[in-house]
Amino acid sequence: MASDYAFIINPVIVISIGVLLYGVYLMLFFSAIYVLFRNRGVQNQHTFHLFTLVTLFCFGTTALVLNIVGNTGAIISSFEVFNGEITSAAQGKGKALFLNILEELVYLMYSLSNIAADASLLYRLYAVWGFRKRVVVVPVIISALNNVLAILDAVIRFKVVFLVDGPQDQALSSSDTFWIESTTAMTSVFMIVNFVVNALVTGLIAGRIWWISRQMNAAYGRNGSQKKYKRIIAIILESGILYPVAILSTILVGQFLPLCPNLFSILAEAVGIAPTLIIVRVAMGVNVDVVEQSGSQKSGYNSGSGTRRFGGGLKGQEKDLTLRFTPGATSDPVLNITADRELDDDAQSMKIYDDYRRRDFV
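Okay, so the sequence shown: first residue is 1 according to UniProt numbering, each after it adds one.
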């Protein structure tokens, strides 16, 4: 019996989930904007993060509005058919064209949102890995090709809509039929590659931080800080994995519930929530310092500078190695990894230090 009203129930469920998710997104977005304006760090990075967050929010909002209008129009049209107000396909062709255009616009908004989100995620990977181009070159190429595929898919979808539901009745050529059949495959490929890339890059970011924490603990022998690093990794994984989970859920719903309306508007929100949530969670008080400001250590800690001095057989100068999320009033909520060290040959022979330079995260 419920299947008789699926044309009402399914769109209402999708709209309800989208509105509920948007309420959460709205709070996170304004919190993140407040954090970025309050904690100004490096100007270029601050501008980049602000631009990507606003762009993602605008695309997500547009996708939600288009989805609400489209699903509402679909429900109204279904009632008109049910009540006998529309008795032929020709009568409903104009409305079908309009509703299908809205649906493809939602997909376009999602595709554009994904480009902005990929840029943010890849920059995060680039920063955490010490701005090493060789680390990001493969993900960048795959992401770029995948996003080009998505835009091409969106363009073809518009062409298909006008061919099938356009005002002019015309026979479909063999090439038209090919492109119509190709859109489904292109969308599936885009979604699967998107899932793999986002999951892989998120894992690379978390793995890099885990490796840095091991190196620091080996160098400083301060295993108590491991819990703080675990909090950082938890933020990366918990927030970053939201989008891949949303992609996987959409793929599964599309496979097992073919009558369900498309979920691209929800994906357009989910893709923006992940980076926004990371910034907000960082600003809520995560603060990691491997080198704590303490003068009670007997192994040569400088209480004024908070840095450890290596003496004895080492002739090296003062070293400073920190990894922190900084939510303070004078810092941008970014992950800073700094190391200023001048080790002599004896210290270098220990092979327990990596050469870290400043990296900005989030």
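Cβ coordinates follow ideal geometry from the N, Cα and C atoms, glycine included.
Bear in mind that the values here come from a model prediction, so they are computed numbers and not experimental data.
Here's the rule: buried if 16 or more other CB atoms are within 10 angstroms of the residue's CB, otherwise exposed. What is residue i?
{"i": "N39", "result": "buried"}
{"i": "F256", "result": "exposed"}
{"i": "S213", "result": "buried"}
{"i": "P258", "result": "exposed"}
{"i": "V19", "result": "exposed"}
{"i": "S239", "result": "buried"}
{"i": "R134", "result": "exposed"}
{"i": "A218", "result": "exposed"}
{"i": "L112", "result": "buried"}
{"i": "M109", "result": "buried"}
{"i": "V128", "result": "buried"}
{"i": "G166", "result": "exposed"}
{"i": "M191", "result": "buried"}
{"i": "S120", "result": "buried"}
{"i": "N100", "result": "buried"}
{"i": "S349", "result": "With a pLDDT of 33 at S349, under the threshold of 50, the modelled position of that residue is not reliable, and no figure is offered here."}
{"i": "M27", "result": "exposed"}
{"i": "R208", "result": "buried"}
{"i": "V155", "result": "exposed"}
{"i": "G94", "result": "exposed"}
{"i": "N71", "result": "buried"}
{"i": "L36", "result": "buried"}
{"i": "V282", "result": "buried"}
{"i": "I141", "result": "exposed"}
{"i": "I13", "result": "exposed"}
{"i": "R124", "result": "buried"}
Along the chain, where does the alpha helix (DSSP H) containing residue i start, and where does it finish?
{"i": "L242", "result": "L242 to F256"}
{"i": "P261", "result": "No alpha helix (DSSP H) holds P261; DSSP gives it neither H nor E."}
{"i": "R132", "result": "Careful: R132 lies outside any alpha helix (DSSP H) and carries neither H nor E."}
Check whether the Cβ of residue i lies closer than 7 Å to any heavy atom of the ligand NAP, and answer yes or no.
{"i": "I101", "result": "In the structure shown, the ligand NAP is absent, as is every other ligand, since no ligand is present at all."}
Where does residue i sit, in a helix, a strand or coil, going by DSSP?
{"i": "S173", "result": "coil"}
{"i": "R124", "result": "helix"}
{"i": "G166", "result": "coil"}
{"i": "N194", "result": "helix"}
{"i": "E103", "result": "helix"}
{"i": "G84", "result": "coil"}
{"i": "N39", "result": "coil"}
{"i": "V14", "result": "helix"}
{"i": "D289", "result": "Only weak support is given to the placement of D289: the predicted model assigns it a pLDDT of 32, under 50, and the value that follows is read from those uncertain coordinates. In the structure shown, D289 sits in coil (DSSP, three-state: anything other than H, G, I, E or B)."}
{"i": "I8", "result": "helix"}
{"i": "G295", "result": "Summary for G295: the model assigns pLDDT 34, below 50, so the residue's position carries little reliability, and this model does not support an answer."}
Measuring CB to CB, does residue i end up less than 8 Å from residue j?
{"i": "L102", "j": "L66", "result": "yes"}
{"i": "I236", "j": "A206", "result": "yes"}
{"i": "A32", "j": "I279", "result": "yes"}
{"i": "I68", "j": "I15", "result": "yes"}
{"i": "I233", "j": "W211", "result": "no"}
{"i": "F264", "j": "A63", "result": "yes"}
{"i": "G60", "j": "A246", "result": "no"}
{"i": "F51", "j": "F29", "result": "no"}
{"i": "N10", "j": "V106", "result": "no"}
{"i": "Y126", "j": "V136", "result": "yes"}
{"i": "D176", "j": "L163", "result": "yes"}
{"i": "S143", "j": "V197", "result": "yes"}
{"i": "A270", "j": "Y229", "result": "no"}
{"i": "V161", "j": "E104", "result": "yes"}
{"i": "I75", "j": "I8", "result": "yes"}
{"i": "N146", "j": "V193", "result": "yes"}
{"i": "T202", "j": "L53", "result": "no"}
{"i": "R157", "j": "T184", "result": "no"}
{"i": "Y22", "j": "G272", "result": "no"}
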